[in-house]
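Participant: In the working numbering, the protein residues as written are 1 to 343. We put the beta carbon where it would ideally sit given N, CA and C, even for glycine. Just so you know, these numbers come straight off a predicted model, no measurement behind them. Take a look at this one; I'll ask things after.
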């Protein structure tokens, strides 16, 4: 499978200037090609992509250029040679599993440079284990697992909000177009970058641990876009559910684990995990409830996690070819002939 390995770059001031020109050239070529494609569209030709792309702006906070094998080279001393730029210092945090097929040089909003290599990574099956787990994602707790584990929500953006508000106020006071405003914008971007790095690190560590300790992982297929339209939008984006689920999915495929999403319309919070009776919808303020059929008392999130595990197991058994039809048997003597009421 193909993966991306990202490393920090430290170009010199001269190399930064050359990279800025390269970013501009790549942007102009892309926009010229897009303009030609739009003219062909007006002439009646269809789009070759799923949706029409957008123009790239020189004022965008993220700039990037992608190079294929003939445009870069990794030197024996560990430096990255980029055509027309030169040898750039790289902070290698791990070895590449295979020669990269391409590299994307990125400059983010905080002024940091990264090299993102596309490499072919062989699957490394992990040791088989007997455990399976269902995960219910939430906001009060980041995740509640069917085995009783409760993972706290780090709320990284909320914790950095005081420093972020202070930096944004300072930015709003600076005159537009001034150098002080550019410096203030970088300060705001650095706070956001640190929050994103911490969120990514948390998702990596948690997803790796869950994949290592469980043979199968089941989660609920959440509609994050719809939840982000509510008054909980900031908390939803701060949790980073989509990023976490993507990591679980590709790590499961890489290490030979089973990963599945349970349908979002499955009533996991309305069904009793003990007797299976659907007890009806409940408002979010109800965190515990008692089943009217069997009398079991459930924690809302723990009950949902157990139901996700049960639904995921059922789908997996059916997907693996479990018998779902009655077995074959001899036909009754009147089925093959005339109906008895007519005879």
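#1: Hey, is the segment 15 to 34 in contact with the segment 48 to 66, meaning 3+ C-beta pairs nearer than 8 Å?
#2: Starting from the C-beta of residue 34, find all residues in its chain whose C-beta is less than 7 Å away, skip the five residues before and the five after it, and write them out in chain order.
#3: What residue does the beta strand (DSSP E) around residue 80 start on, and which one ends it?
#4: Unbroken beta strand (DSSP E) runs of length 3 or more, entirely within the segment 124 to 180: which are they?
#5: Helix, strand or coil for residue 4? Go by DSSP, reduced to three states.
#6: Would you tell me roughly how many angstroms separate the C-alpha atoms of residue 322 and residue 312, rounded to the nearest one?
#7: Measuring CB to CB, does residue 147 end up less than 7 Å from residue 133?
#8: Between residue 86 and the rest of its own chain, which residues show a CB-CB distance below 7 Å, the 5 nearest in sequence each way excluded?
#9: Kindly indicate the opening and closing residues of the alpha helix (DSSP H) around residue 17.
#10: Residue 293 and residue 268: beta carbons closer than 7 Å?
#11: Which of the three DSSP states is assigned to residue 242 in this structure?
#12: Tell me the rounded alpha-carbon separation between residue 20 and residue 164.
#13: By Cβ distance below 7 Å, which residues in the same chain neighbour residue 263 in space, the five residues on each side in sequence not counted?
#14: State the Cα-Cα distance for the pair residue 256 and residue 245, rounded to the nearest angstrom.
#15: With DSSP as the reference, please indicate the residues paired to residue 88 in a beta bridge.
#16: Is residue 202 helix, strand or coil when you go by DSSP?
#17: Do the segment 95 to 109 and the segment 175 to 184 touch if we need at least three Cβ pairs shorter than 8 Å?
#18: Per DSSP, which one or two residues make a beta bridge with residue 298?
#19: Reducing DSSP to helix, strand and coil, say where residue 210 ends up.
#20: For residue 194, which residues does DSSP report across the bridge?
#21: Considering just the uninterrupted stretch of the alpha helix (DSSP H) at residue 227, what are its terminal residues?
#22: Give me the residue from 70, 89 and 123 with the minimum Cα distance to residue 115.
#23: Straight-line CA distance for residue 258 to residue 58?
#24: Considering only the beta carbon of each residue, do residue 5 and residue 105 sit closer than 7 Å?
#25: For residue 17 and residue 187, I'd like the C-alpha separation in whole angstroms.
#26: Relative to the C-alpha of residue 135, which candidate in 100, 124, 68 and 216 has its C-alpha closest?
#27: If you measure between the beta carbons of residue 8 and residue 62, is that distance less than 7 Å?
#28: According to DSSP, is residue 67 part of a helix, a strand, or is it coil?
#29: For my contact list, residue 123 and residue 1 are in at a C-beta cut-off of 8 Å; report their separation, rounded to the angstrom.
#30: If you follow the beta strand (DSSP E) that residue 261 is in, where does it begin and where does it stop?
#31: Which of the three DSSP states, helix, strand or coil, is assigned to residue 277?
Facilitator: On the basis of the supplied data:
#1: Contact between the segment 15 to 34 and the segment 48 to 66 is present: three or more C-beta pairs spanning the two stretches fall below 8 Å.
#2: The residue you call residue 34 lines up with position 34 of the chain shown. Within the same chain, Cβ atoms closer than 7 Å to the Cβ of residue 34 are found at 53 and 55, the five residues on either side in sequence being excluded.
#3: Locating residue 80 in the chain shown gives position 80, where the first residue counts as 1. Segment 80 to 82, the beta strand (DSSP E) holding residue 80.
#4: As far as the segment 124 to 180 is concerned, its whole beta strand (DSSP E) runs of at least 3 residues are 132 to 137, 141 to 145 and 150 to 152.
#5: Locating residue 4 in the chain shown gives position 4, where the first residue counts as 1. Strand at residue 4.
#6: Along the chain shown, read from residue 1 onward, the residue named residue 322 stands at position 322. Along the chain shown, read from residue 1 onward, the residue named residue 312 stands at position 312. Because the pLDDT of residue 322 is 46, which lies under 50, any placement of that residue in the model is unreliable, and the question is left without a value.
#7: Working through the chain shown from its first residue, we reach residue 147 at position 147. Working through the chain shown from its first residue, we reach residue 133 at position 133. Yes, the pair counts as a contact, with Cβ atoms nearer than the cut-off.
#8: What you label residue 86 is simply residue 86 of the chain shown in a count that begins at 1. Hits under 7 Å: 15.
#9: For the purposes of this step, residue 17 is taken as residue 17 along the chain shown, with counting starting at 1. Where residue 17 is concerned, the enclosing alpha helix (DSSP H) starts and stops at 13 to 42.
#10: Within the chain shown, numbered from 1, the residue matching residue 293 stands at position 293. Within the chain shown, numbered from 1, the residue matching residue 268 stands at position 268. No, the Cβ-Cβ distance between residue 293 and residue 268 is not below 7 Å.
#11: For the purposes of this step, residue 242 is taken as residue 242 along the chain shown, with counting starting at 1. If DSSP states are grouped into helix, strand and coil, residue 242 belongs with the helices.
#12: Taking the chain shown and counting its residues from 1, the one referred to as residue 20 is at position 20. Taking the chain shown and counting its residues from 1, the one referred to as residue 164 is at position 164. Computed Cα separation, rounded: 28 Å.
#13: Within the chain shown, residue 263 is the residue found at index 263, counting from 1. Result list for residue 263: 221, in chain order.
#14: Indexing the chain shown from 1 puts residue 256 at position 256. Indexing the chain shown from 1 puts residue 245 at position 245. The C-alpha of residue 245 is placed about 16 Å away from the C-alpha of residue 256.
#15: Indexing the chain shown from 1 puts residue 88 at position 88. According to DSSP, residue 88 bridges with 80.
#16: By 1-based counting over the chain shown, the position of residue 202 is 202. Under the three-state reduction of DSSP output, residue 202 falls in the helix class.
#17: A contact is defined here as three or more CB-CB pairs under 8 Å, and the segment 95 to 109 fails this definition with respect to the segment 175 to 184.
#18: Your numbering for residue 298 matches position 298 in the chain shown. When beta bridges are read from the DSSP output, residue 298 appears opposite 289.
#19: The count along the chain shown starts at 1 and reaches residue 210 at position 210. In the structure shown, residue 210 sits in a helix (DSSP, three-state: H, G or I).
#20: Here residue 194 is taken as the residue at index 194 of the chain shown, counted from 1. Residue 194 is not bridged to any residue.
#21: Translated into the one-based positions of the chain shown, residue 227 becomes position 227. For residue 227, the uninterrupted alpha helix (DSSP H) segment begins and ends at 224 to 227.
#22: For the purposes of this step, residue 115 is identified with residue 115 of the chain shown, where counting begins at 1. With distances taken between CA atoms, residue 115 lies nearest to 89 out of 70, 89 and 123.
#23: Position 258 of the chain shown, counted from the start, is the residue given in the question as residue 258. Position 58 of the chain shown, counted from the start, is the residue given in the question as residue 58. Residue 258 and residue 58 have their C-alpha atoms spaced approximately 43 Å apart.
#24: On the chain shown, position 5 is the one that residue 5 refers to. On the chain shown, position 105 is the one that residue 105 refers to. Between residue 5 and residue 105, the CB-CB gap reaches or exceeds 7 Å.
#25: Within the chain shown, numbered from 1, the residue matching residue 17 stands at position 17. Within the chain shown, numbered from 1, the residue matching residue 187 stands at position 187. Each residue's Cα considered, the two are about 21 Å apart.
#26: Position 135 of the chain shown, counted from the start, is the residue given in the question as residue 135. The shortest Cα separation from residue 135 among 100, 124, 68 and 216 belongs to 216.
#27: Locating residue 8 in the chain shown gives position 8, where the first residue counts as 1. Locating residue 62 in the chain shown gives position 62, where the first residue counts as 1. Going by C-beta atoms, residue 8 is not nearer than 7 Å to residue 62.
#28: Counting from one through the chain shown, the residue named residue 67 turns up at place 67. When secondary structure is reduced to three states using DSSP, residue 67 falls in the strand class.
#29: Residue numbering aside, residue 123 sits at position 123 when the chain shown is read from its first letter. Residue numbering aside, residue 1 sits at position 1 when the chain shown is read from its first letter. Between residue 1 and residue 123 the Cβ distance is about 7 Å, and since that is below 8 Å, they are a contact.
#30: Within the chain shown, the letter at position 261 stands for residue 261. Under the DSSP assignment, residue 261 falls in the beta strand (DSSP E) whose first and last residues are 258 to 262.
#31: Counted from its first residue, the chain shown places residue 277 at position 277. Annotated three-state conformation of residue 277 is coil, per DSSP.
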